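Below: the structure, in structure tokens.
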Amino acid sequence: MTIRLNRKLTLEAPMRVADGAGGFETVWQSLGTLWAQVEARTGRETAGAAMPLSRVRFRITLRAAPIGASSRPQPDQRFREGTRVYRIQAVSEDDADGRYLVADAEEEVIA
């Protein structure tokens, strides 16, 4: 299978910042741009609080980065592609040579 890294994604990490009222809120900080291959897997519809939601799982392949590098995705992070957001669920090596990583991610949109 040929890997085509033809999608430009921004890797983002959550940060807790004070909300000015004694609490905290989460904001997303950009860690950089990565090129990836994005493949849709399975999808389903679920009940949201106010309306149905569509959840689609994706396999996102990208160049490998060493453990601990800021360019290596982690499960608490997400990818952004314009207005689309892919929440990272898990990350693993794709090949024995360690040239690529695979991120299992999920996109949730209003159905």
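Read in order, the letters of the sequence shown are residues 1 to 111 in full-length UniProt numbering.
Idealized CB from N, CA, C, for every residue including glycine.
Predicted model, so just to flag it, every value in this text is computed and none were measured.
Legend entry - Selected residue, minimal CA-CA separation from Asn6, among Ala36, Ala21, Val27: Ala36
Legend entry - Beta bridge counterpart(s) of Val54 as assigned by DSSP: In the sequence under discussion, the amino acid at residue 54 is Ser, which differs from the Val named in the question. Ser54 is bridged to Glu45, Val109.
Legend entry - Contact check, Glu25 vs Gln77, beta carbons under 8 Å: no
Inset, instruction - State the DSSP-derived secondary structure class of Pro14, mapped to helix, strand or coil. - result: Here Pro14 sits in strand by DSSP.
Inset, instruction - Please report how far the alpha carbon of Val28 lies from the alpha carbon of Gln74, in whole angstroms. - result: The amino acid at residue 28 is misidentified as Val; the sequence shows Trp. Answer to the nearest angstrom: the Cα atoms are 14 Å apart.
Inset, instruction - Counting only the same chain and skipping the five closest in sequence on each side, list residues whose C-beta sits under 8 Å from that of Tyr100. - result: The residues are Ile3, Thr61, Leu62, Arg63, Ala64, Glu93, Asp94.
Inset, instruction - Sort Arg16, Gly98, Gly82 by Cα distance to Glu107 and report the nearest one. - result: Gly82
Legend entry - Of the listed residues Arg59, Pro66, Val109, nearest to Val85 (C-alpha basis): Of Arg59, Pro66, Val109, the residue nearest in Cα terms is Val109.
Inset, instruction - Quick one: grab the DSSP three-state call for Gly23. - result: coil
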